[in-house]
Amino acid sequence: MTRFDQRHSSAQPMVATTAGVLIMTPLALVAVGMIWWIAVPVGPEVCSLVLPGPRNCFTHDRLVAATVWTVVIALAYLAAIVATVLSPHRRLWFVGAGIVLMLLVGAAGFVAAAWIPTLA
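According to our numbering, the sequence shown is numbered sequentially starting from 1215.
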């Protein structure tokens, strides 16, 4: 075995993949949990004082937004994991990109479910 083979057969790529999955998974789960926490209201709502209420006051609209963003987060998570596992040469880059992607998509989903944009 040459020095080149020994360097590329180390456990470092497996550690990077495992670390990436262990970071991306809770990010995706927390994002989905927060989206559904805000989409399904508990207790009295301030929106009932304003008639007609804005779009984010209607539970149906929030549930639709939460469902759409849950699917978006799941697809982004799946794409990040598949890219991380299947790319041996740029694995660290895909791990970092996947973590950033989970943060951005999670934040966008939370904002979209909480304050439904008028174009949605």
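Beta carbons are placed, not taken as given, at the ideal position from N, Cα and C, and that holds for glycine.
Cα-Cα separation, residue i to residue j
i: residue 1312; j: residue 1285; result: 16 angstroms
i: residue 1309; j: residue 1254; result: 32 angstroms
i: residue 1297; j: residue 1305; result: 8 angstroms
i: residue 1326; j: residue 1247; result: 14 angstroms
i: residue 1292; j: residue 1235; result: 10 angstroms
i: residue 1316; j: residue 1274; result: 25 angstroms
i: residue 1230; j: residue 1244; result: 21 angstroms
i: residue 1232; j: residue 1295; result: 10 angstroms
i: residue 1241; j: residue 1272; result: 27 angstroms
i: residue 1288; j: residue 1324; result: 14 angstroms
i: residue 1301; j: residue 1319; result: 22 angstroms
i: residue 1307; j: residue 1249; result: 28 angstroms
i: residue 1333; j: residue 1290; result: Since pLDDT at residue 1333 reaches only 45, below the 50 mark, its modelled position is unreliable, and no value is offered.
i: residue 1228; j: residue 1252; result: 36 angstroms
i: residue 1239; j: residue 1330; result: 26 angstroms
i: residue 1277; j: residue 1328; result: 10 angstroms
Bounding residues of the alpha helix (DSSP H) (the contiguous stretch that carries residue i)
i: residue 1330; result: Note, residue 1330: premise wrong, no alpha helix (DSSP H); not H, not E.
Local conformation of residue i per DSSP, three classes
i: residue 1278; result: helix
i: residue 1254; result: coil
i: residue 1230; result: helix
Self-check item: Runs of alpha helix (DSSP H) wholly within the segment 1298 to 1327 (minimum 4 residues, chain order)
Solution: none
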